[in-house]
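Okay, so here's the structure we're looking at.
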Amino acid sequence: MVKAAIVVFILMFTTCCRASNDPTRPLSWPTVGTMTGEPMSRIKPSLKSIICMTTCAAVINNRVMSIGDKIDGYTITEIADSFVLMTRNEQEWKLELYSLDIKQ
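Taking the numbering used here, the leading residue of the sequence shown gets 1, the next gets one more, and so forth.
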């Protein structure tokens, strides 16, 4: 019984060690021990589209947002036809849509 427990422990330990050096993990995933103290919800929001009629609204993280709305700690300060300005902790971020002009 003790030998079986030791074998199980060794197998679990080697599996944990291999998982930290997984060569098949996506490059964008952080490795074990390199994650920062910033929670995952603090990743910069993703701008999907901008809709402008009389005023502009933006689709950010699949939610329709307007000026003054907050998302994940960011406050939307400006929405133009091709970009969105957001602030958090007195810093400003500019989210832009891809340009429709394709250069050849």
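Each residue gets a CB set at the ideal place from its N, CA and C atoms; glycine is no exception.
Can you give me the C-alpha to C-alpha distance between I60 and T24, rounded to a whole angstrom?
If you take the alpha carbons of I60 and T24, they lie about 30 Å apart.
What separation, rounded to the nearest whole angstrom, lies between the Cα atoms of E78 and P26?
So the alpha carbons of these two residues sit roughly 34 Å apart.
Between the Cα of E96 and those of K48, I10, A5, spot the shortest distance and give me the residue it belongs to.
The option with the nearest alpha carbon to E96 is K48.
So for K3, helix, strand or coil by DSSP?
Here K3 sits in helix by DSSP.
Going by DSSP, what residues sit across from S49 in a beta bridge?
V59.
Could you pull out every residue in the same chain whose Cβ sits closer than 8 Å to the Cβ of E109, ignoring the five residues on either side in sequence?
This structure cannot speak to residue 109, because the chain is shown only from 1 to 104.
Closest to C56 by CA distance: which of N89, T75, K94, F83 is it?
If we check each option's Cα against that of C56, F83 comes out closest.
Is the beta carbon of V64 less than 9 Å from the beta carbon of I43?
No, the pair does not count as a contact, with Cβ atoms beyond the cut-off.
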